[in-house]
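**Q** Mind looking over this structure? Questions follow.
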Amino acid sequence: MAHPLHSPILDWYAEHNRDLPWRRPEATPWGILVSEIMLQQTPVVRVLPIWEEWMARWPTPEALAKEVPGEAVRHWGRLGYPRRALNLHACAKAITADFDGTVPATYDELRTLPGIGDYTAAAVASFAYGKSHAVLDTNVRRVLARTIRGEEYPPKATTTAEKRLAETLIPPVGAPRWAVAVMELGALVCTARSPRCADCPVASRCAWLLAGKPAHDGPERKGQTYAGTDRQCRGRLLAVLRDAPGPVEKALLDAVWADAVQRERALDGLLADGLAELVDDDLYALPG
Numbered sequence: 211m212a213h214p215l216h217s218p219i220l221d222w223y224a225e226h227n228r229d230l231p232w233r234r235p236e237a238t239p240w241g242i243l244v245s246e247i248m249l250q251q252t253p254v255v256r257v258l259p260i261w262e263e264w265m266a267r268w269p270t271p272e273a274l275a276k277e278v279p280g281e282a283v284r285h286w287g288r289l290g291y292p293r294r295a296l297n298l299h300a301c302a303k304a305i306t307a308d309f310d311g312t313v314p315a316t317y318d319e320l321r322t323l324p325g326i327g328d329y330t331a332a333a334v335a336s337f338a339y340g341k342s343h344a345v346l347d348t349n350v351r352r353v354l355a356r357t358i359r360g361e362e363y364p365p366k367a368t369t370t371a372e373k374r375l376a377e378t379l380i381p382p383v384g385a386p387r388w389a390v391a392v393m394e395l396g397a398l399v400c401t402a403r404s405p406r407c408a409d410c411p412v413a414s415r416c417a418w419l420l421a422g423k424p425a426h427d428g429p430e431r432k433g434q435t436y437a438g439t440d441r442q443c444r445g446r447l448l449a450v451l452r453d454a455p456g457p458v459e460k461a462l463l464d465a466v467w468a469d470a471v472q473r474e475r476a477l478d479g480l481l482a483d484g485l486a487e488l489v490d491d492d493l494y495a496l497p498g
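Position 113 of the sequence shown, counted from 1, bears residue number 323 in my numbering, the numbering being contiguous throughout.
Structural data, given as structure tokens:
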């Protein structure tokens, strides 16, 4: 049954959607899977050039599976959270070995791939194969929290109640387009910090707006810090390894971060996560 939100959001999407390569008809399931992994916690503007380079270099899972994992990390560039690169490499090997090189089409099969969780499995099944799933990324959760529940922000972790609500909104026809339309509305209009309610196609039906935009009454939402963190230190160390043609001496890593205790902790973390390896005494390299 059609919901009052369907038509206005779908009509808005038809006019305002961004032309992104992974949304085009010629996009492959592999390209869509790569985009979904890259877009986790990373804005489109940063993902686009890396995605295009990645797809030109590795247009199929088999192409990536032939490489050592370090090459995936190297070409991940500065997207952040580089373990995602290792997950994609592991996915490529699993798809090649277990699915004859074809990205699986069902949610359950997708969940068997390394690092693939509920959201990514639902998104790839929907966008690559036209399946009907509730696709709940941060943007979708925020739109539903505001328009239906009258809350400024959704809970930090996806709840069963959110999933059930999203499932009741899935249209009988065109579920993937509905999912991406709500996602786009959250990305462009119903944003986290500065929602453009005057431009929203469902402003007249938004429970949060109609209630006077009540402030979030849950736990304080703090922005992530980066400067001076272990994560920044790891990024500096990984950049040295990524930019080098081969193994690098420990002294080159020591030079990029002054705090020796934090630097060693970050380096140990990279080794433990499989993002770097010790190839000889005081020689470090990307995995592979």
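Using N, Cα and C, we set each Cβ at its ideal position, and we do this for glycine too.
Just so it is clear, the structure is predicted and the values come from calculations on it, not from any experiment.
If I follow the unbroken alpha helix (DSSP H) through residue 489, where does it start and stop?
**A** What you label residue 489 is simply residue 279 of the sequence shown in a count that begins at 1. It is not in any alpha helix (DSSP H) - residue 489 instead sits in the beta strand (DSSP E) that spans 487 to 490.
**Q** Relative to the C-alpha of residue 300, which candidate in 318, 276, 454, 344 has its C-alpha closest?
**A** Counting from one through the sequence shown, the residue named residue 300 turns up at place 90. Here the closest residue by C-alpha is 276.
**Q** Exposed or buried, what is residue 298 when buried is set at 16 or more other beta-carbons lying within 10 Å of its beta-carbon?
**A** In the sequence shown, residue 298 corresponds to position 88, counting from 1. Looking at its Cβ environment, which holds 16 or more other Cβ atoms inside 10 Å, residue 298 is buried.
**Q** Assuming residue 329 and residue 347 are in contact, meaning their beta carbons sit under 8 Å apart, how far apart are those beta carbons, in whole angstroms?
**A** As a first step, residue 329 is located in the sequence shown; it is residue number 119 there, counting from the start. As a first step, residue 347 is located in the sequence shown; it is residue number 137 there, counting from the start. 6 Å between Cβ atoms; contact.
**Q** Quick check on the DSSP output: the beta strand (DSSP E) that includes residue 495 runs from which residue to which?
**A** Position 285 of the sequence shown, counting from 1, holds the residue named residue 495. Start and end: 493 to 495.
**Q** Under 8 Å: do the segment 399 to 415 and the segment 214 to 223 share three or more Cβ pairs, one atom per stretch?
**A** yes
**Q** Can you tell me which of 449, 387, 242, 421 puts its alpha carbon nearest to the alpha carbon of residue 280?
**A** For the purposes of this step, residue 280 is taken as the residue at position 70 of the sequence shown. The residue with the shortest Cα to Cα distance from residue 280 is 449.
**Q** Give me the residue from 251, 406, 309, 360 with the minimum Cα distance to residue 420.
**A** As a first step, residue 420 is located in the sequence shown; it is residue number 210 there, counting from the start. Ranking the options by Cα distance to residue 420, first place goes to 360.
**Q** Per DSSP, which one or two residues make a beta bridge with residue 345?
**A** Residue mapping note: residue 345 aligns to position 135 of the sequence shown, counting from 1. According to DSSP, residue 345 bridges with nothing at all.
**Q** Restricting to Cα atoms, I'd like to know which of 486, 384, 476, 323 is closest to residue 343.
**A** Indexing the sequence shown from 1 puts residue 343 at position 133. Residue 343 has its Cα closest to that of 384, out of 486, 384, 476, 323.
**Q** Can you tell me the Cα-Cα spacing of residue 444 and residue 273, whole angstroms?
**A** Working through the sequence shown from its first residue, we reach residue 444 at position 234. Working through the sequence shown from its first residue, we reach residue 273 at position 63. Looking at the two C-alpha atoms, the distance is approximately 28 Å.
**Q** Distance, Cα to Cα, residue 407 vs residue 351?
**A** Translated into positions along the sequence shown, residue 407 becomes position 197. Translated into positions along the sequence shown, residue 351 becomes position 141. Cα to Cα, the separation comes out at about 17 Å.
**Q** Closest to residue 341 by C-alpha separation, out of 458, 487, 363, 320, would be which residue?
**A** For the purposes of this step, residue 341 is taken as the residue at position 131 of the sequence shown. Answer by Cα proximity: 320.
**Q** Classify residue 225 as helix, strand or coil using the three-state DSSP reduction.
**A** Here residue 225 corresponds to residue number 15 of the sequence shown, with the count starting at 1. Helix, per DSSP.
**Q** How is residue 458 classed by DSSP in three states: helix, strand or coil?
**A** For this step, residue 458 is matched to residue 248 along the sequence shown. Of the three classes helix, strand and coil, the one that applies to residue 458 here is strand, per DSSP.
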